[in-house]
Every structure is written in C-alpha cells, then in structure tokens.
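Protein chains in written order, with the numbering used here: chain A, 4 to 186; chain B, 4 to 787. Structure first, commentary second.
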Ligand code: FES
Ligand code: FES
C-alpha cells in the first residue's frame, strides 16, 4: 500500500474502496458513483488503473496498491501534481485524485503518450467542473516534463502573480482567437 | 487607479495542493467518533397515499438505531415557499421521493433495514406534463397550497391549482405592436429536466447536542441559509445551530438552500445524539435530490421589414416537479430576463411555475436562462431568416444599447457592458460571414450559429455579506468569509483582492477553507455568480478597515499624523520618508516601544456589502429593478453533423463575455471552458426520460451521459471584454454561470444552418437529429 506493507482481515464482500477509506483512512480516494461509472475512485493495482469501487479488497491481497496519498514523495509534489496546479486543472477537486491516478497509470504504461492516447486514458474519469481541457493539458505537460527531467519551470503555485506558462492569457481586454486550442 | 500588482494575474488556487495530494477533506471524509450511517427508502410511485409503513422488521436488524417516517415529522421546509417535508408524509409526490430513513452502525445495516420496510401505498392520479397540470381537471399535487407559507409580495401561489407562481412582465402594448408589425412569427420550444451532476453527491453529518443544539457538516453552497432554515423549521435560536462547510465537490446550484441537513438532524436526535452521516448514492442524486426544471416555451415576435424588433410575447411553462420552493424563483428570474438582451418597447411575458409528479427542480447554473434563451435565441434566428437578414446583423440592430430600457424599465447604460461588442467578437472569431470550411467526409455537413446570453444574480433585494480580515503575528493576512468556494475560484480572487488592497504579496494572504457559522461572518448563500462582486466589495472594505487600524497605530509609534502614512509592501511609512517604515508584523498585534510601552492591539478588519437599489417587481407588470448587475455575452459556433449517425461535433466555439474586469485569467478561463462543456451536455446529451408512470428511466451514468474528455470541442476560444462595471470590485462582474447559457441555442442555430432543419426540443441527441434528417429526406406521400 503506497510502498508499505498493510496486513488486515476483511469481509469477503468489502470493496477496495471501502477498505481504503474505511479501514486505512486513506480518504483521498473518492466515491462518485460506487458502480464503476465515474472513475473518481481510481487507484493503481499492480501499476494498472482500476476503479476501487469494483475491486474487492481481497483481490488486492499480495498486490501493490498506489493511491493519491502516495503520489507526492518526501514532501515533493510529482510533476503530474504540479502540472495539474499550473494548468488550472482543478476546480472542486473531487475528481482530481482519480484523474491523477488514471494519468499516472497512463504515464507508467506509455511515458510519451500521443494526444489521442491521453484522451483515451482519461475518458473514463468524469469531471463536471473543468471541461477537461486543462486536465488534458496537465497530462501532456507532465509527460513532457518527464521526458525532459529538469525542465525546471514548474513551481507549486504559491508565488506572487502566479509565475508559469499561463501568464497574461486573457488578461488583456480583448483577445479574439487567443488560446483554447488543443495543443 | 494605480497599476494593479496581483489583481488580474493568473494566480493558481491556494487549495490546489490539498486537492492534488488527497488532503482536502469533503463531508464524507470527516469522521467523528461514533458516527452512524443512514440510508433512505424511496417511493416507487409518482403519486400515492402512504397507507401504512411497517417498521418492525427493519428495527430488528442488528445495528439499527432509528427508523423514521414522515408520520414522525410534521414540519414544512423552504426558502421561498415552504412546500416540502423532510420525509414524505401521508402522500408521495414523485417517484424517488424519500419516505423513510434508517440510521445504523453500518451503512450495510441501514440499507438492509430499508429493504425490510414494508410500505403500503394506494396509488393516486398523477400529472406529468405541466401543460396538462394547468388544466382545471388536473389532479392537484398540493391540495393545501393555500396554507403554505411563502415570501409574500414576491411569489404568488394560486390556491386550488398547480401553479406555484405566476410571474408577469408587461411593458408597452405588445398585442397592438404585434398587430402592427410587418412580420410576425410564433414558435414553441421545450427543454427536458436535467441533473447538475456534481461529482460529490449531497452529503451531511448532524450531531444533535444537549440543550437543543446541533452541529452540522454539509456539502452545501449555503452555510447561513442552512442555519436560518433549520432555525425556522425546528424553532431553534440561530446560535443553537452551528453549520460547517468543508470542501464541496461541485454544486452548480443543486446544493443551494436546504439539502439533507434536516434529515441528518432528526436522525441524530432520534439516536440520542449520536452523529449521523447521510450521503446520496448516485442513483438517489439523480432521482431524489432536485434537478433543473423542464420548460415549455411559446414565443411570438414582431418586426418591421427593415429589421427592428417591435414586440415579444412569451409564455413560459415550467415543469417544477413535486416541489417548487426554489423553482418559483427560477420562474421569476427567467421572466425578467425572458426577452433576451434586446431593446424592446413592447413586451409581455407570463412565466408559470407548475407542479407535476416528477423529481423537483431547483437552481442550476444559469438559473432558467439557458432554458428560456434556448427558445428566444432560436426564435431570433427564425425572425432574421424571415426578414432575409443575417442573424448577426439582425441582432446587432436590436441589442440593448445606451439609451434603451430593459423590459422591467431599467435604463441601459454603458456601465452594463457591451453586448454588441460581445456579439461581434464571437462572430469574428469563427469567421462569421465566410462559408463553413469543407466537411471532413461526403456524408458530413457543416454550419455556423450565434446566440446571445445575459444574466443577473437572482437574489432578494436585501442580500448581504460580510468579510473579516485579520493580521497574523508575521504580518500575513487571513480572510474569513462564508461564501463557499466549491470550485469556481472565488477564494483565490478574494485573496488577490486582499493582497492588492493591503499591499501584500499573494503568498502572504490566506483564506480559511472551512465555512463555520460560529466563526466566519455572514453571507446569504453562494449562488448566482454574485460572490466575487459582493464578497470582493466586502473584502475591500475589510482591508480598508485594517489599513486604518495599521495607520493609527503607526502614527502613534512614529509620532506623525495618520493621514500622511502609506501602506505598501507590508510596511507603513510616512509618504515623504519611506525609510521610516514599520513592518505590518510589528503592528499586527499592537506596537511596542523600545521601553516596553505598547499601543494598539490585534488588527482585525470588518467589511460588508448589501445589494443596493433593488426593488421588488410590480406583481402586475414586473416593472422594477431586479438586478445588481448584468453580465452579457455571446457564443459563436461552427459544427459538423454526420448525416448518417446524427452526431454533432463542435469544431470551434468562441465565447465572448463582458467580464468588466478579469480578476484572474487562469481561473476565469477555467469557468468559461467548464461552462461551455457543461452547456454542451445540455445541448446534445442530457435530459431526464420518464416512463408513462412517471418513473425516471435514466438515473445513472450509463443511461444519462455527461460530457467526457472525448466530447470536447476541437477548439475553444474564450474572449473576455473589460468594459468596467461601476460598483464592481475593480470593475468586475460575475461570470461563473454565463458560459453555459445559450450554448444549446448557438448549436441549434448552427444545426439549422447545416441541415436546413429546425429543432425545437433539447437535447440535440444523435437519435433526434438523425430522425429529423430521415424524415426530411423521406419522399412526401402527397407529392408524386
Ligand atoms: S466511484 Fe468507482 S467508478 Fe465511480
Ligand atoms: S474539478 Fe470538480 S469534478 Fe473535476
């Protein structure tokens, strides 16, 4: 479990989602539907994205589970997390853990995904707030940051005036034709 | 105005770190010791008498602590019209209505007990179409409507009918103007009810405390309204109720007003004060919690041959569903906006909010405007065509401009923004006037369309809010408000405003991420794109209060008059002598002289804002001043339609809004893109379907599709104009709802352009589009 050994005895019918949230208090993983239709509960099981509401806890026995709580390492946000912040890919944030875990699964499988592969990998995760554009952009940016390890332009997003790639967009009174393209 | 340092910058969200790490806590992530879990049983019938409920088997389930039915609860709830029970009592009025609730040690036990409840129903006549429900012979959904408490002078429920509210707007003499018009047309349109679909379903925890007090944690847009309505419902003093709102996973209007809080409270009370948590399943979110009302519109337009609109008449019949507490206000707001942003001397609108036996309606992003403008903006295109005019040109001639008055008699000024500039910018961005580019396949066709939008916050005339800004020991500032940021970005904007006003860098300004009616100051509720405006003004005033306190203490410390002191870069200094500055951190708790003497005290600023100059509308004519500010905009789209499947692809959508001032371009863009895609859902995917017994057929994500990452338009072009709003913070207006409004209208107009076929009903699903294509192609039987 996020690189740690967890030992537990669970009822046969308990889902992985209930186990994570109820037993391990890993409540970063969200429930949006409980029946495998929204992706909010996405975690990695042996490196592959699964919807934790449809996996039984016992199916994870002996396996490796990665959740959103394990995404930042040693207090340092991952490139994916930083990219989500910088791209404005978060509004209410309820879909965010599942989105990041789906993206993590994709980047493990395909470090340099095409736009189509990104859309395909993220299409099972519903977001009602963002309209997806910034989320897809964040995954694209994170993939590139990985390909070029020390791109160095990303910060955790607290600085004055929000340094970063979005500077000045839409801030002028009229910007017909500005931005909005996909890539 | 001095150059802005922070306002207008693309500052990322402060809560983003908590949200990408899973640390952000939503209602069901909070665990109080001993919390019980609750489940509900819902009605399988749309209209029935509850003859009896046998709870014995349910009570026998191990772990069950309480079973409640409507018979236990003689309370009516509501904000504008108190028509709803906590649990159905005596009768059920829609399929999906909660009839009983169980609290138990585990959710499994609560659900098992719900299955074991035996309810005997006697089916009653039902009515599902609001047009039928208006007929005299229709069964009454609320036979006791006459006795319901409501906001008097604003809403007018009609006793003995299914009409919960009738809003009239009368300006000039529309009948005479229509009769004298060169060209008249009448068209009808309809919208189905839809769901908000926040990714976090409704959830609440209540902890009934000794002495008749209660503490509530809830996924809500409205901490103070929840407190107020709980106080009214249960006859409790306000101070006995403490409402917390942690992070909220989306609301879009569906979490305004009261939600599950009263039910959680009565369950907690029934369990001897154990905390009780209740959360909707996704199916219950569709089928039990409120939706967006359906609408049937009939619109008559008149125009002169040279393209001047002479009159508009409209009848809007809202499908309120079984309860209309919030729906009445949607019907009201959509009436005073119900002619679109056009200059009209003659206008007559009747907006009826009508009860039916279906899941009930509430606020949803756009608050009735997407629905009425689906009709108005389609009708404008038809009129343009009837006159042989380009739709952009026709609109340009008729849009509101300086010197015109709105349909409620409000003079339109340049301070309202520039709808014409919005139209021109959006049209230009998609190459309006040039034929669409060649389709990508022979069986595909392309078309272009435009549509206007407008909206003002719909709120009581006395709506107010407050802000507190307090300085920390290190000279940083904390902002406290009770507007909720459930994703829209207001908190980041308020931090920017405070940083700007206080002369601090953004990383020295924080905002408290839990609303708490015992700690954070009053706000009415977070709806209607009003909080950046109202909360922004309150924060500006609170900051001014802080600065005044800082200057007063610094004046004492420096021995100079306060009015010669400047606050900037975290320091207070004499204008002539910046080197003699004192840092905020040395003033925040009071100033201490070298000899130990101290003056001042903790710096805490208070600011407030109340809606100004609004009036109730005349009941007969709708004349008055309903709006604090208006936001105008336009969409222009180019689409491609697959004539073999009926599928619509949006190639490009340009959305121009007159924001007054863009306070944060990163987050503003997020609102625009998110709103457009949500509007796309209403346009082509979403709509409730019911069977002939009024049962909802699509309460899940398989049968009720919302847009996914695959449904994005190929190109989105947000255009933000900045014609300042007098009275807005830095000239800003609200823009959170607006991007969604009129997306269906623009796509419908583009569809007409592409196919030559008129569509009157939403959604423009591939099935519906294909069906019309096939009908249009079929050889006419009467032509040889
Ligand atoms: S909660 Fe698991 S897919 Fe929705
Ligand atoms: S950010 Fe709210 S659902 Fe995605």
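Yeah, the Cβ is synthetic: ideal placement off N, Cα and C, and Gly gets one too. Just so you know, these numbers come straight off a predicted model, no measurement behind them.
Find the residues of chain A that neighbour residue i, judging by a C-beta separation of less than 9 Å, and give them in chain order.
i: residue 703(B); result: 36, 38, 40
i: residue 681(B); result: 131, 132, 134
i: residue 18(B); result: 93, 96
Using three-state DSSP, classify residue i as helix, strand or coil.
i: residue 350(B); result: strand
i: residue 220(B); result: strand
i: residue 52(A); result: strand
i: residue 489(B); result: coil
i: residue 524(B); result: coil
i: residue 455(B); result: strand
i: residue 93(A); result: coil
i: residue 656(B); result: strand
i: residue 545(B); result: helix
i: residue 145(B); result: coil
i: residue 87(B); result: strand
i: residue 671(B); result: helix
i: residue 704(B); result: coil
i: residue 183(A); result: The pLDDT assigned to residue 183(A) is 34, lower than 50, so where the model puts this residue is not dependable; a value taken from the coordinates is nonetheless given after this. Reduced to three states, the DSSP call for residue 183(A) is coil.
i: residue 612(B); result: strand
i: residue 162(B); result: coil
i: residue 271(B); result: helix
i: residue 73(B); result: helix
i: residue 411(B); result: coil
i: residue 135(A); result: coil
i: residue 364(B); result: strand
Note the first and the last residue of the continuous alpha helix (DSSP H) segment covering residue i.
i: residue 760(B); result: Here residue 760(B) belongs to no alpha helix (DSSP H), and DSSP marks it neither H nor E.
i: residue 231(B); result: 226–237
i: residue 372(B); result: 372–390
i: residue 111(A); result: 99–112
i: residue 134(B); result: 133–136
i: residue 481(B); result: Note, residue 481(B): premise wrong, no alpha helix (DSSP H); beta strand (DSSP E) at 480–483.
i: residue 630(B); result: First-last for residue 630(B): undefined, no H or E at that position.
i: residue 9(B); result: Counting along the chain, residue 9(B) falls outside any alpha helix (DSSP H), and DSSP gives it neither H nor E.
Taking the continuous beta strand (DSSP E) assigned at residue i, which residues delimit it?
i: residue 189(B); result: 186–194
i: residue 719(B); result: 718–724
i: residue 55(B); result: 51–57
i: residue 576(B); result: 574–577
i: residue 473(B); result: 467–474
i: residue 124(B); result: 121–126
i: residue 171(B); result: 166–174
i: residue 568(B); result: 568–571
Determine the chain B residues that contact residue i at a beta-carbon separation under 7 Å, and present them in chain order.
i: residue 111(A); result: Per Cβ cutoff of 7 Å: no residues; residue 111(A) is ~18 Å from chain B at best.
i: residue 132(A); result: 253, 490, 677
i: residue 106(A); result: Neighbours of residue 106(A) on chain B: none; closest Cβ ~11 Å, over 7 Å.
Please name the residue or residues paired with residue i in a DSSP beta bridge.
i: residue 321(B); result: 298(B), 356(B)
i: residue 419(B); result: None, per the DSSP bridge assignment.
i: residue 197(B); result: 295(B)
i: residue 534(B); result: DSSP lists no partner for residue 534(B).
i: residue 79(A); result: 76(A)
i: residue 279(B); result: 39(B), 209(B)
i: residue 593(B); result: 591(B)
i: residue 447(B); result: 645(B)
i: residue 637(B); result: 455(B), 659(B)
i: residue 693(B); result: 699(B)
i: residue 518(B); result: 248(B)
i: residue 305(B); result: 187(B), 314(B)
Starting from residue i, find everything on chain B with Cβ-Cβ shorter than 9 Å and list it in chain order.
i: residue 31(A); result: 24, 25, 26, 27, 32
i: residue 57(A); result: Chain B residues near residue 57(A): none, gap ~13 Å exceeds 9 Å.
i: residue 2(A); result: There is no way to answer for residue 2(A), as the model of chain A reaches only from 4 to 186.
List the residues of chain A that residue i touches, going by C-beta distances under 7 Å, in chain order.
i: residue 673(B); result: 91, 94, 133, 137
i: residue 711(B); result: 126, 129
Check whether the Cβ of residue i lies closer than 8 Å to any heavy atom of ligand 4, and answer yes or no.
i: residue 499(B); result: The ligand content of the structure shown is limited to ligand 1 and ligand 2, which means ligand 4 is not among them.
Using a C-beta to C-beta distance shorter than 8 Å, which residues of chain A count as neighbours of residue i?
i: residue 203(B); result: 33, 35, 95, 97
Contact shell at 6 Å, judged by CB to any heavy atom of ligand 1, ordered along the chain: 34(A), 35(A), 36(A), 37(A), 39(A), 40(A), 41(A), 42(A), 43(A), 44(A), 54(A), 56(A)
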